[in-house]
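Visitor:
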Amino acid sequence: MNLKKLTDLQLELSIDTAERLQLDSEFIRMLKKELEKRKSRAPSKSSSETKTLIPTLHRND
1 MNLKKLTDLQ LELSIDTAER LQLDSEFIRM LKKELEKRKS RAPSKSSSET
51 KTLIPTLHRN D
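Using UniProt numbering, you'd call the opening residue of the sequence shown number 1 and step up by one each time.
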């Protein structure tokens, strides 16, 4: 599995699914480690996108 091709949301869903199916704990740890590495590397794009979209929405009202 190439974790770099997964989006953050896909990675979070993979972790959730793996935990629900009680898959190998080493696999779950690997997914969580990748997600933490991404979160510590840079702020999420969605939060910056939200900040730019909200003022635009208010101007159109």
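Ideal Cβ placement from N, Cα and C applies to all residues, glycine included.
#1: Whole angstroms is fine: what's the gap from residue 30's alpha carbon to residue 21's?
#2: What residue from 40, 34, 39 and 25 has the CA that sits closest to residue 3's CA?
#3: Quick one: Cα of residue 23 to Cα of residue 6, how far?
#4: Report yes if the C-beta distance between residue 8 and residue 41 is below 8 Å; otherwise report no.
#5: According to DSSP, simplified to helix, strand and coil, what is residue 56?
Guide: Quick answer:
#1: 16 Å
#2: Cα-wise, what sits closest to residue 3 is 34.
#3: 19 Å
#4: no
#5: Unreliable positioning characterises residue 56 in this predicted model, as indicated by a pLDDT of 49, which lies under 50. The coordinate reading is nonetheless provided below. Residue 56: helix per DSSP, three-state reduction.
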